[in-house]
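Engineer: Encoded as structure tokens, here's the structure I'll be asking about.
Protein chains: 2
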Amino acid sequence: MTAEPADPSTPGTVRPGGRTARVRAAVLRAAEDALVEHGFSGLDLADLAQRAEVGRTTVYRRWGSTTALVADLLTDMAEQSLPRARSGSLTEDLRANARLVQRTLADPRQGALFRAVLVAANGDPGTAEALQHFYRRRVEEWAPCVTEAVERGELPPDTDEFEVVRAVSAPLYYRMLTTAEPLDEAAADRAATAAEAAARAGAYRRRNG
Amino acid sequence: MTAEPADPSTPGTVRPGGRTARVRAAVLRAAEDALVEHGFSGLDLADLAQRAEVGRTTVYRRWGSTTALVADLLTDMAEQSLPRARSGSLTEDLRANARLVQRTLADPRQGALFRAVLVAANGDPGTAEALQHFYRRRVEEWAPCVTEAVERGELPPDTDEFEVVRAVSAPLYYRMLTTAEPLDEAAADRAATAAEAAARAGAYRRRNG
DNA sequence: CACCTAATGGAACAGGAATCCCGTTAATGA
DNA sequence: TCATTAACGGGATTCCTGTTCCATTAGGTG
């Protein structure tokens, strides 16, 4: 007796190997390129299919919408997380994090990709969830820097380590989105310094009442 | 001798009064509503024209694209800037600013509008410029709070007042864009406290070399 | 190796958004 | 008030994006 028809709504679940995996990888890579070049609003699935050397129909059937495609791209990006710094010094770790974010956003390709992805996540709840998952992973990756600083006594004991990590990224993203000023190393260092100063002053202590 | 044909590329420049102004106002108001309801990607110019009780052709002719329309909306928004607080206390002023931003972003209507506008600015350089202008105006509006605190001796003399104001908004925007957590008053107060602590520690001093 | 069918790809089809055409309306200046 | 023409509005048209149909290809399994 053969297996039942499985779920036809999401192709690629019954035979995930070989061609299907190849197609997914090719489409996701092409999606990255297209997002970088034309942004999310300019995402043309016909062009995308041609880049990936894949039939248009396949893209529409497997992902259905551009937002769903970006959501899949985000889960793919979340899986390949970068290792964090481990210098043993809070100042050094936060600066390393800030510079990593700054280099990522300042890079023409990566920066455009992140902007496009932020935009896509805005319109669709599923994509938004994938984006939140991506950033949760990134923040969790770097949170131990702060936790260890707390254990060393450099920061107040009830410091919210996630808030500190987010405080490093926030000004860099805000600058990218609302100004035309370049994202240079000085901006990164200022973000790290400010986050550390605020954390030392107890601005990120957990509210417990 | 009558005037020459004027610039036909931008209708509304030769006869900006009466009907033209009425049409512009109606369309911008309808655009706000449409952006709030369907977001930027769901912006339908046919529906928009119907809301504004204006011909579809008029919208296409005067603005040409959805991004140009949003850019015009942004210049309109930049002109009606809100008055800042003037409590005489840096702590109070920054908190007032933070809560204003927080209320704006947390408000279903305004929050959706700001997200939509950020999205639109991503795709088009002209819209991006209009967005930058809008935020420059807002930051300049609140910068005196910081300047006065410097004059009172509360902050280092070479503090970059614009950076401090931006530091208040940044974590709120970052939280809105990358997490699902609600933007409450606690988040606003934390943003204000952190910005003030970092400023007092000299994290936003101007680099002079 | 051979069978079964999930998954893909090309082509035709449908729906909707952007553009063009031209008659109508009303802002501006004498 | 009247003439001029900028600006608007409705309808037809074009173009493009997303969907459907069916033949073909190639995983997966005995």
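Chains as they are written, first to last, in this note's numbering: chain D, 1 to 209; chain B, 1001 to 1209. Glycine residues also receive a C-beta, built at the ideal position from the N, C-alpha and C atoms. Note that the structure is predicted; figures quoted are calculated from it, not measured.
1. Output, in chain order, the set of chain B residues within a Cβ distance shorter than 9 Å of Ala-201/D.
2. Excluding the 5 residues flanking Gly-1126/B on each side, which residues of the same chain have their C-beta closer than 6 Å to its C-beta?
3. Decide if the segment 156-170 of chain D is in contact with the segment 1164-1171 of chain B; the criterion is three or more beta carbon pairs, one per stretch, under 8 Å apart.
4. Using C-beta distances below 6 Å, list every residue in its chain close to Asp-160/D, excluding the 5 sequence neighbours before and after it, in chain order.
5. Which residues in chain D have a C-beta closer than 7 Å to the C-beta of Val-1119/B? List them in chain order.
6. Does any residue of chain B bring its CB to less than 9 Å from the CB of Ala-186/D?
7. Identify the contact partners of Gln-1132/B in chain D, using a Cβ-Cβ distance below 8 Å as the criterion.
8. Let's test the definition: count the other Cβ atoms within 10 Å of the Cβ of Val-1014/B and tell me whether it reaches 16, buried, or not, exposed.
9. Which residues does DSSP list as the beta-bridge partners of Thr-1159/B?
10. Between the segment 135-149 of chain D and chain B, which residues of the former have CB atoms less than 7 Å from a CB of the latter, in chain order?
11. Would you verify that the beta carbon of Ala-1096/B is, or is not, closer than 9 Å to some beta carbon of chain D?
12. What does the Cβ neighbour count give for Ser-81/D, buried or exposed, with the cut at 16 atoms within 10 Å?
13. Tell me, please, whether the segment 1121-1140 of chain B touches the segment 32-43 of chain D by the rule of three or more beta-carbon pairs shorter than 8 Å.
14. Got a sec? Which residues, its chain only, sit under 7 Å from Ala-198/D by beta carbon, not counting five neighbours each side?
15. My guess is that Ala-188/D and Val-165/D are in contact by the Cβ rule of under 8 Å, so how many angstroms apart are they, rounded?
16. Strictly under 9 Å for the Cβ-Cβ distance: is Pro-171/D near chain B by that measure?
17. Is the CB of Ala-128/D under 9 Å away from at least one CB in chain B?
18. Name the chain D residues whose beta carbon is nearer than 7 Å to that of Arg-1115/B?
19. With H, G and I counted as helix, E and B as strand and the rest as coil, what does DSSP make of Arg-1099/B?
20. Anything in chain D within Cβ reach of Ala-1031/B, meaning under 7 Å, just list it in chain order.
21. Please state whether DSSP places Phe-40/D in a helix, a strand or coil.
22. Kindly list the residues whose CB is nearer than 7 Å to the CB of Pro-1156/B, restricted to its own chain and excluding five residues on each side of it in sequence; keep chain order.
23. Just tell me which of Asp-93/D, Glu-141/D, Val-27/D and Asp-33/D has its CA closest to the CA of Arg-61/D.
24. Spatial neighbours of Asp-184/D within its chain, please: CB distance less than 8 Å, with the 5 preceding and 5 following residues excluded, ordered by chain position.
25. Specify the secondary structure class of Ala-1112/B as computed by DSSP and reduced to three states.
26. Sorted by chain position, which residues of the same chain lie with C-beta nearer than 7 Å to Val-1023/B's C-beta, five sequence neighbours on each side aside?
27. Taking CB distances under 9 Å as the criterion, tell me whether Tyr-1204/B reaches chain D.
28. Using three-state DSSP, classify Ala-1180/B as helix, strand or coil.
29. Taking the Cβ atom as the reference point for each residue, do Leu-1131/B and Thr-178/D lie within a distance shorter than 9 Å?
30. Using CA atoms only, rank isn't needed, just tell me which of Val-1119/B, Gln-1110/B and Arg-1115/B is closest to Ala-112/D.
31. Can you check whether the CB of Arg-19/D is closer than 9 Å to the CB of Ala-52/D?
32. Would Glu-1053/B count as contacting chain D if we go by Cβ distances under 9 Å?
33. Any C-beta of chain D within less than 7 Å: which residues of the segment 1057-1069 of chain B qualify?
34. Is DSSP giving Leu-82/D helix, strand or coil here?
35. Identify, in the order they occur along the chain, each residue of the same chain with its Cβ nearer than 8 Å to the Cβ of Thr-104/D, setting aside the five sequence neighbours on each side.
36. Around the Cβ of Thr-147/D, are there at least 16 other Cβ atoms within 10 angstroms (buried) or fewer (exposed)?
Structural biologist: Put simply:
1. By Cβ distance, chain B contributes Thr-1193, Ala-1194, Glu-1196, Ala-1197, Ala-1198, Arg-1200 and Ala-1201.
2. Within the same chain, Ala-1071 come within 6 Å of Gly-1126/B by CB-CB distance, once the 5 residues on both sides are set aside.
3. The answer is yes - the segment 1164-1171 of chain B touches the segment 156-170 of chain D, with three or more Cβ pairs under 8 Å.
4. Only Tyr-204 and Arg-206 meet the Cβ criterion.
5. Ordered by position in chain D, the residues that pass the 7 Å Cβ test against Val-1119/B are Val-119 and Asn-122.
6. Nearest CB-CB separation between Ala-186/D and chain B: below the 9 Å threshold.
7. Near Gln-1132/B (Cβ distances below 8 Å), the residues of chain D are Thr-178, Thr-179 and Ala-180.
8. Label assigned to Val-1014/B: exposed.
9. For Thr-1159/B, which the question treats as bridged, DSSP gives the partners Arg-1205/B.
10. Answer set for the segment 135-149 of chain D: Tyr-135.
11. Output row for Ala-1096/B: interface = no.
12. With fewer than 16 other Cβ atoms within 10 Å, it is exposed.
13. Yes: at least three Cβ pairs fall under 8 Å.
14. So the list reads Ala-167 and Tyr-204, once near-sequence residues are dropped.
15. Rounded, the Cβ-Cβ distance is 14 Å, inconsistent with contact.
16. Yes, Pro-171/D counts as interfacial toward chain B.
17. At least one chain B Cβ lies under 9 Å of Ala-128/D.
18. Below the 7 Å Cβ cutoff, chain D contributes Asn-122 as neighbours of Arg-1115/B, in chain order.
19. Of the three classes helix, strand and coil, the one that applies to Arg-1099/B here is helix, per DSSP.
20. Those within 7 Å of Ala-1031/B in chain D number zero; the least Cβ separation is about 16 Å.
21. Three-state result, Phe-40/D: coil.
22. Correct list, in chain order: Gly-1202 and Arg-1205.
23. Here the closest residue by C-alpha is Val-27/D.
24. Hits under 8 Å: Gln-102 and Ala-106.
25. The three-state reading of DSSP puts Ala-1112/B in helix, counting H, G and I together.
26. If the five residues before and after Val-1023/B are omitted, its C-beta is found closer than 7 Å to the C-beta atoms of Val-1054 and Thr-1058, all from its own chain and listed in chain order.
27. At least one chain D Cβ lies under 9 Å of Tyr-1204/B.
28. Taken through DSSP and simplified to helix, strand or coil, Ala-1180/B comes out as coil.
29. Going by C-beta atoms, Leu-1131/B is nearer than 9 Å to Thr-178/D.
30. Taking only the C-alpha atoms, the option nearest Ala-112/D is Val-1119/B.
31. No, Cβ-Cβ distance for Ala-52/D and Arg-19/D is not below 9 Å.
32. Closer than 9 Å: no.
33. Under the 7 Å Cβ criterion, the segment 1057-1069 of chain B contributes no residue.
34. If DSSP states are grouped into helix, strand and coil, Leu-82/D belongs with coil.
35. Gln-110, Gly-111 and Phe-114, listed in sequence order.
36. Exposed, since its Cβ has fewer than 16 Cβ neighbours within 10 Å.
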